[in-house]
Structure formats: structure tokens, C-alpha cells
Ligand SMILES: Nc1ncnc2c1ncn2[C@@H]1O[C@H](COP(=O)(O)OP(=O)(O)OP(=O)(O)O)[C@@H](O)[C@H]1O
Ligand SMILES: Nc1ncnc2c1ncn2[C@@H]1O[C@H](COP(=O)(O)OP(=O)(O)OP(=O)(O)O)[C@@H](O)[C@H]1O
Ligand SMILES: [Mg+2]
Ligand SMILES: [Mg+2]
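Protein chains in written order, with my numbering: chain A, 1 to 429; chain B, 430 to 858.
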């Protein structure tokens with residue numbers, strides 16, 4: 001029969017480590033943080049690691065924090081605009097529209113409010129928190145200082161990845177334009193990577209509030225979205241930060257040497273303004289790149305399959321964890337220690353011998369056998385209650401019992417049920 | 430602080446149950462099966478539950494089995510064509526081309542061979558096994574006999590689901606046509622549903638072998654794919670089985686009353702042959718439905734997010750299962766029972782008291798406290814080795830020890846390390 005290896009029982013190490021690091025990032029707190037507590041959010045942790053005070057994008061310096069909601073205990077990402085004074089109450093209400101969008105390539109926006117807790121007048125946006133998210137600028141454009149390659153830009157991005165980004169941004173823009181909004185902020189520093197090749201627009205809605213008084217027509221802003229979309233792709237295709245993207249024609253020519261004509265033409269289409277009154281539409285764009293969207297759809301489904309497979313595998317651990325919790329609660333209980341009828345007899349005795357059988361195997365020399373496969377298989381079978389029979393031997397080796405997993409499972413249920421009777425809790429097992 | 434509820438520790442019940450049922454289906458074996466053992470596959474289980482002998486699709490009755498590969502222990506789905514005699518060795522080689530495709534909406538094909546083990550001459554196709562897969566015919570078109578609604582057809586399919594199916598079939602057809610093959614078998618009984626709204630073409634390549642000698646031109650077959658695609662969608666949109674789909678115009682008119690003009694026009698496009706020499710292409714089709722593909726992409730990414738969230742949650746169970754396996758291996762080992770220095774002293778003694786602390790809590794009346802939250806939190810902290818200190822009390826209540834999880838974690842490492850020294854195994858923990 002096919003015996004699974006240890007690595008089959010648990011997640012592949014790389015995925016496990018990534019999830020582990022994400023879990024740690026989520027749990028991280030700063031013991032004596034100088035950051036204030038807000039009305040509904042506490043335990044703020046700064047996520048801007050550069051400490052760069054940059055007002056380029058919003059006209060105000062912005063700071064990003066992880067925070068815990070006092071109401072639900074859930075984590076959020078707060079973006080604070082330093083020194084912003086709200087003059088028009090309507091401005092902040094525009095965020096309500098944004099809340100309606102639930103798009104897989106857009107960081108969900110939950111709320112916006114003003115706060116004085118930072119010692120200034122701040123505007124705060126509440127968004128989904130994505131542990132270990134990095135901006136596309138950080139991932140692709142910021143010189144890598146860690147491996148002595150300090151002044152080397154990162155390697156070029158493959159054409160496939162660029163198309164995946166284009167498909168995803170198109171998906172976000174489509175959802176945004178569909179409810180008569182504009183993204184207004186498509187920039188390599190305001191798009192985050194949250195999983196392999198998976199991106200999300202990260203700072204939509206901010207400019208709707210901050211530049212509310214300009215009341216620019218939505219059509220104009222939507223047309224500008226295409227331009228920003230094009231510039232962003234050009235930055236990525238030429239490894240150029242937005243501030244250095246000064247000569248568009250030269251950049252287009254440069255990228256044309258490294259990538260296909262189709263990609264170049266797509267970017268040129270995005271960059272080229274339409275002659276009024278004609279307007280570009282996202283539907284038109286989506287039709288042009290339809291073939292690449294199909295590829296991205298295929299990749300996304302493959303990713304879901306992978307995750308499903310892993311989850312399938314982990315499921316067993318959950319069941320086995322529950323089972324071991326039960327066994328742990330039954331075996332060797334002190335209060336029944338004197339009471340041989342509880343622990344050295346009948347059901348509980350079998351479960352004790354089973355515990356020895358699972359965990360305390362020794363080889364012919366009396367050395368411990370630590371076989372994770374044996375342990376997991378025994379527990380799996382107990383969980384399933386199979387008909388297979390095993391031989392349990394008393395510690396003095398005087399008595400042996402032939403018993404099926406099915407019977408053991410029943411005994412476990414009885415013994416645990418009896419514990420539960422005396423207890424007020426015990427649900428959820 | 431925010432304390433998670435029991436349901437936070439484990440998968441949501443519905444997803445858990447579905448995965449559980451899939452796991453059971455995968456594990457299922459038939460004790461005294463009459464089915465033969467093949468050269469490389471054993472433990473066959475019939476998946477055709479209808480026992481209907483139907484030669485309509487392939488010209489031969491076909492039977493579907495789950496089987497275990499003798500080489501790898503992995504599960505596969507075998508499709509057997511009863512009574513097929515291979516006359517041309519080249520025929521079976523066409524399957525090699527199919528192996529090159531790795532598409533998320535196509536059941537992967539691994540191999541094909543002839544077999545005499547069933548007492549006839551059979552042709553066997555080896556494909557991916559998808560536990561609990563159902564055909565679209567079963568899901569949507571077969572009258573539901575279970576709830577007394579025996580003769581009622583199932584309810585109409587929502588337009589959104591139909592577009593999701595169209596996008597996915599288009600993805601599969603695009604991959605197939607791209608390497609100069611044709612699907613040849615797009616039928617409601619040969620498309621399987623493997624997850625929520627997720628479908629896969631299930632019987633491609635079979636006709637390439639069976640009708641090899643006809644040598645029909647690939648262009649002709651590809652054009653026919655569009656027609657079959659259209660008929661399949663029409664069956665689904667009108668709740669009609671293929672055998673009853675006799676009047677296409679009437680059916681188109683019927684579906685036009687329930688669905689949008691865009692959907693109707695899309696199906697009509699698929700059904701309408703082009704005037705030679707013009708050929709329909711899948712790229713053209715994909716452009717027409719681009720907007721819906723974007724929606725499907727969005728849904729697929731949302732699904733991946735959901736699975737990611739669940740996996741994130743389950744991760745902890747895996748760690749805790751490992752930890753309990755270690756504790757189980759250390760506590761109450763018989764061979765060290767006399768040796769107080771092993772089990773009643775120092776490290777192991779602390780770990781024993783810790784076990785009592787985790788599993789054997791009692792309330793003020795001496796009744797067991799079975800708090801899964803307490804158990805999981807204690808084990809989580811032990812796993813993380815936090816600085817938090819707990820008070821462990823000896824069973825005679827004469828001695829108390831104040832000890833941090835960090836120290837306990839070190840002691841667990843030492844105690845387990847010592848066990849491992851004497852053991853040849855113990856890796857993978
Ligand atoms: N929604 C989010 N969830 C989790 N982390 C985020 C989120 N948004 C941003 N971050 C983290 O915060 C960091 C700072 O974000 P920010 O948008 O300020 O980028 P920046 O590189 O500092 O750009 P700027 O110079 O414009 O401030 C990002 O690098 C990312 O790691
Ligand atoms: N790749 C697969 N993985 C798992 N189960 C499958 C797979 N393919 C088919 N099945 C199962 O086998 C059953 C029979 O498949 P089959 O293609 O024979 O459909 P059918 O309804 O019996 O059609 P027909 O009448 O043409 O034989 C399906 O209902 C499905 O449950
Ligand atoms: Mg910043
Ligand atoms: Mg069948």
C-alpha cells in the first residue's frame with residue numbers, strides 16, 4: 001500500500017513559511033508604541049518602513065498603519081493624511097460610493113474620518129489589511145540593497161507578468177468606471193502585491209475626498225485613468241520610477257525593444273488621448289486584451305486549485321488536532337487516578353493503551369520509535385472509525401486486546417461524553 | 430482582548446463538510462469488488478452510478494472508474510471504452526499531444542492504453558480524478574428524484590452562471606485550438622463540475638483515438654467545436670437534454686425570453702456556421718465575450734482569496750497537531766516510568782504538569798473544564814514560545830512553578846531531542 005511521506009501530511013514548506021510570516025506580521029504589536037489610540041482602532045503599527053515624507057501623490061504626506069478594530073477585533077490598514085483640514089462635510093461622504101465595490105483587484109475601502117489624536121488634523125482612510133503587502137515600486141523598481149547589488153535595478157519583468165498586471169488593473173478599472181467613479185490614483189507606489197502575481201489598486205477614493213472642491217468632471221478623470229494606467233505599465237516595462245518618466249516617446253521605444261509589438265501598442269493606446277468628443281472606454285480596452293485576460297483567468301483558477309489541494313491536506317490536521325485534544329482530556333486525569341474503574345478499566349483503559357500504541361512505540365532494542373506517519377495514520381483511522389483491528393498490549397505485557405478502530409472510536413466518544421456531562425463546556429470539539 | 434470563538438479555530442462547517450466528503454470519496458474502496466486489477470492501476474471503484482449502457486457519444490459504451498496508481502499511489506480516473514479494438518497503433522499516440530495541455534478548465538489526460546483484464550478488448554484513458562465531480566447534465570438537467578420532486582426539472586440556471594460556464598469553456602477551447610487540436614466532445618454529460626461554478630471538459634482526446642481512421646481535417650473539427658459549444662449552452666439555458674434538442678430555432682426563441690439578448694446572440698453566433706472559406710476563431714469569440722471573462726476572472730480571484738483565508742486559519746492546526754504529537758511521545762512513557770529523573774523531574778516533569786494544565790482543568794466543584802479555546806491558546810503560545818508566564822501546580826498541590834512558555838518550549842525541544850537521539854526516526858516533526 002501507498003504510505004504517504006511526512007511532507008504529505010503538512011503544507012509544502014515554502015507556502016507554509018509564507019503563511020507563517022504573514023501570520024506573524026498580522027500578530028505583530030509594538031510594546032511601547034508612541035502611536036496614539038483612535039476612537040475605534042487600537043494597537044497601531046507603522047507599515048511605512050522608509051519613513052519618507054512624501055506629499056507627491058495626495059498633496060499631503062501620508063502614513064500607513066496596521067490597526068485593530070475595537071469593535072470586531074479584526075485588522076485594518078489605516079492611511080493617514082497628515083495636516084488635512086476637512087472644509088466640506090460632503091467631501092468625506094464620497095467614500096460611501098467606494099464601499100459598494102467588492103473587486104478582487106482593489107483594496108476594499110471601509111470608511112474615512114478625521115482625527116486629532118496624532119496632534120494634528122488628520123484624515124484617515126480605513127482599508128483592508130493585507131499582511132506583508134509590498135508596493136509594485138518596492139517589488140520591481142527600488143534598487144535592491146540587501147545582496148550587495150545596491151545600485152543595480154531589479155531584473156526586467158517578464159511579459160507574462162506584465163499582461164497579468166494589465167488584466168488585473170483592467171478588472172479593477174472596469175468595476176470602478178461601472179459605478180461612475182474614477183480610480184484617480186494608478187501608480188507603482190499605490191498598487192500592492194498580495195500574493196504571487198496578484199495585485200490590487202491601493203489608494204482609490206483618497207483624491208475624491210482631498211480634491212473634492214475641484215469638482216472635476218468624472219469623464220475627464222476616467223480618461224485620465226487610462227493615461228495613468230499607461231504610464232504605470234511604462235514604468236514597469238522600463239524599470240523607471242514615475243518621477244524619472246519624462247520622455248514618453250523614448251520610453252515607449254525602449255520598451256518596444258524588450259517586449260512584443262502587441263504590448264507596446266497596448267501601452268500606446270492607453271497613453272494616447274482621444275480626440276474629443278470621442279472617449280475611450282474600459283470595455284473597448286478589455287476587448288483588445290481579451291486573449292490575455294483568458295490567460296490570467298486560467299492562472300487564477302490554477303492558483304485556486306493549488307490552494308484547494310493544500311486545504312484538503314490540512315483538513316486532516318484539523319481533525320487530528322481535535323482528536324488529540326479529546327484524548328488529552330481523557331488520558332491520565334488526576335481526579336480519576338484512584339478510581340481504577342475510570343482509568344484502568346474498560347473504555348478508558350483501552351484508550352490509554354491506544355495512546356501508548358500511537359505514541360510510545362519502541363524497537364526491538366527498546367529505543368523509541370518516533371514515526372510521524374504511524375502516529376498520523378493511527379489517529380486518522382481512529383477518526384474515521386475503520387473496521388481494521390489492532391492489538392493493544394498492557395504495560396506488563398500480560399494481557400492483549402484485539403480491538404477495531406470502530407470500537408475505539410465508540411469508546412472515545414463515550415469517555416469524552418462522560419467528561420462533558422460533568423462539564424459546562426466541551427462544545428465545539 | 431479579542432478571544433476567538435471555536436468556529437474561528439476550524440474551517441467553516443460547510444466547506445469542511447464538503448472537503449470531508451471529498452476526502453471520503455477519495456478514500457473509498459470496495460472490499461470484494463468484481464472489478465479487475467490492471468497492470469499499473471488497482472483498487473478500481475465504479476463512478477458511473479446510473480449503470481446506463483450508453484454508446485451515443487463515443488460509439489462504444491464507456492465506464493468510469495476511480496483507481497490507484499501502483500507506481501505513485503495517486504488516484505486517477507479511468508474511462509474504459511468497452512469492446513474497442515485498436516487497429517492502428519498511431520491512433521493511441523495522438524493522446525501524447527493532449528498531455529501537453531495544462532488548462533484549468535480541462536480534465537488533464539495522462540495516458541491511454543488497451544486492456545484485456547475486463548474480459549473484452551477495452552480502451553482505457555487515464556485522467557485526473559476529481560472527487561465528487563458531477564456532470565453538468567446531472568447537476569442541471571437530470572430530474573431530482575430525492576425530494577419527491579421526481580418529475581420536476583431543476584430550476585433555471587442564472588445568467589451569471591451561464592456566462593461563467595461560457596468563459597471557462599472558451600478558456601479550454603482556446604488552449605485546445607492553440608495547439609492545433611479540437612475538443613470534439615463538448616456535451617452536458619462530458620463536462621464536470623468540480624467546485625462552485627467551476628467546470629472542466631472531461632472527455633477530450635477520446636474521439637481522436639476512436640475515430641482516428643476517419644482523418645477528418647482539424648479545421649472542420651474546430652468549427653464543429655463552436656457548434657457543440659452552442660448546443661451545450663442551449664441545452665443548459667432551456668433545461669433540455671441533448672437528445673431532446675431537436676428544433677434549434679424554437680429553443681433559441683425559448684431561451685431569448687428568459688435571458689438577455691447578448692446571451693442569445695452569443696449562442697446564435699456559436700450555432701451559426703460561417704460561409705467557407707471564412708472560419709470562426711476562438712480569439713474572435715473571446716473578444717466578443719471579453720467583459721464576461723473579466724467577471725469570471727474576478728470571481729475566480731475571490732475564490733482564491735477565500736481559500737487563502739481558510740488555509741491561513743488551518744495553518745495553526747497543523748502546527749498544533751505536530752506539537753501534540755511531540756507531547757504525546759514524551760508524556761507518560763512507560764520505559765521511563767521507574768526513572769523518576771526522566772519523567773518526574775526537571776523538563777519532563779514540567780511538561781507533564783503543563784499537560785495537566787492544558788487538558789485537565791477542573792472548576793471549583795472539581796468538574797472537568799473542557800474549553801477548546803483554552804487548549805488551543807495554550808498550545809499556540811507554547812508553539813510560539815512567548816514570554817508569558819503560567820503557574821503549574823503539582824498534583825499534590827504542594828509545589829507551584831512559575832514558568833514562561835519560552836522556557837517550556839525549550840524543555841519540550843530538549844526532551845524530544847533526547848527521545849530522537851535514541852530513535853532512528855523522528856524527522857519531519
Ligand atoms: N492595504 C495594505 N495592507 C497592508 N500593507 C499595506 C497596505 N497598503 C500599504 N501597505 C504597506 O505600507 C507601505 C507604505 O505604503 P505607501 O502607500 O505609503 O507606499 P510608499 O512606498 O511609502 O509611498 P509614498 O512615498 O507615496 O508614501 C507599503 O510598502 C506596504 O508595505
Ligand atoms: N475525471 C473525473 N473525476 C471524478 N469523477 C468523474 C470524472 N469523470 C466522470 N466522473 C464521474 O463519473 C460519472 C460518469 O461519467 P460519464 O462521463 O460516464 O457520465 P454519464 O452521465 O454516465 O454519461 P454517459 O451516459 O455518456 O456514460 C460522472 O457522473 C461523474 O460523477
Ligand atoms: Mg508612504
Ligand atoms: Mg457513463
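All residues carry an ideal CB built from backbone N, CA and C; glycine is no exception.
Boundaries of the alpha helix (DSSP H) in which residue i is found, first to last residue
i             : result
residue 742/B : 719-759
residue 244/A : Per DSSP, residue 244/A belongs to no alpha helix (DSSP H) and is neither H nor E.
residue 555/B : Taken as a continuous stretch (DSSP letters only), residue 555/B belongs to no alpha helix (DSSP H), being part of the beta strand (DSSP E) at 551-557.
residue 661/B : 647-667
residue 383/A : 372-384
residue 249/A : 248-258
residue 171/A : 159-178
residue 51/A  : Taken as a continuous stretch (DSSP letters only), residue 51/A belongs to no alpha helix (DSSP H), as it is neither H nor E.
residue 90/A  : 89-93
Status (buried if at least 16 other CB within 10 Å, exposed otherwise) for residue i
i             : result
residue 793/B : exposed
residue 672/B : exposed
residue 578/B : Residue confidence for residue 578/B is low, a pLDDT of 44 falling below 50, so the modelled location carries little weight; the figure read from the coordinates is stated next. The residue is exposed, with fewer than 16 neighbouring Cβ atoms inside 10 Å.
residue 402/A : exposed
residue 580/B : In this predicted model, residue 580/B has a pLDDT of only 49, less than 50, meaning its place in the structure is not dependable; the value taken from the coordinates is given anyway. Flag for residue 580/B reads exposed.
residue 576/B : Legend: pLDDT at residue 576/B = 49, less than 50; position of this residue unreliable, value from coordinates given subsequently. Exposed, since its Cβ has fewer than 16 Cβ neighbours within 10 Å.
residue 705/B : exposed
residue 596/B : buried
residue 445/A : It is not possible to answer for residue 445/A, since the shown part of chain A is limited to 1 through 429.
residue 651/B : buried
residue 817/B : exposed
residue 292/A : buried
Top-ranked residue by Cα proximity to residue i, from the options
i             : options                       : result
residue 296/A : 284/A, 186/A, 165/A and 269/A : 165/A
residue 437/A : 347/A, 422/A and 368/A        : Outside the shown range of chain A (1 to 429) lies residue 437/A, about which nothing can therefore be said.
residue 58/A  : 79/A, 38/A and 69/A           : 79/A
residue 368/A : 839/B, 815/B, 751/B and 847/B : 847/B
residue 29/A  : 91/A, 16/A and 47/A           : 47/A
residue 328/A : 359/A, 263/A, 371/A and 228/A : 359/A
residue 198/A : 301/A, 266/A and 330/A        : 301/A
residue 503/B : 656/B, 493/B and 559/B        : 559/B
residue 134/A : 68/A, 70/A, 32/A and 49/A     : 49/A
residue 210/A : 294/A, 76/A, 186/A and 88/A   : 88/A
residue 784/B : 330/A, 227/A, 406/A and 64/A  : 330/A
residue 554/B : 542/B, 561/B and 565/B        : 542/B
residue 586/B : 688/B, 850/B and 835/B        : 688/B
Opening and closing residue of the beta strand (DSSP E) in which residue i lies
i             : result
residue 391/A : 389-393
residue 265/A : Element bounds for residue 265/A: not the beta strand (DSSP E) but the alpha helix (DSSP H), 261-271.
residue 212/A : Residue 212/A -> no beta strand (DSSP E), and no H or E assigned at all.
residue 419/A : Careful: residue 419/A lies outside any beta strand (DSSP E), inside the alpha helix (DSSP H) at 405-422.
Identified DSSP bridge partners for residue i
i             : result
residue 493/B : 508/B
residue 46/A  : 65/A
residue 627/B : 624/B
residue 22/A  : In the DSSP output, where bridge partners are listed per residue, residue 22/A has none listed.
residue 109/A : 127/A
residue 544/B : 551/B
residue 362/A : 368/A
residue 490/A : It is not possible to answer for residue 490/A, since the shown part of chain A is limited to 1 through 429.
Beta carbon of residue i nearer than 7 Å to that of residue j
i             : j             : result
residue 202/A : residue 107/A : yes
residue 190/A : residue 282/A : no
residue 382/A : residue 410/A : no
residue 808/B : residue 423/A : no
residue 272/A : residue 254/A : no
residue 512/B : residue 549/B : yes
residue 736/B : residue 308/A : yes
residue 42/A  : residue 72/A  : no
residue 286/A : residue 697/B : no
residue 115/A : residue 19/A  : no
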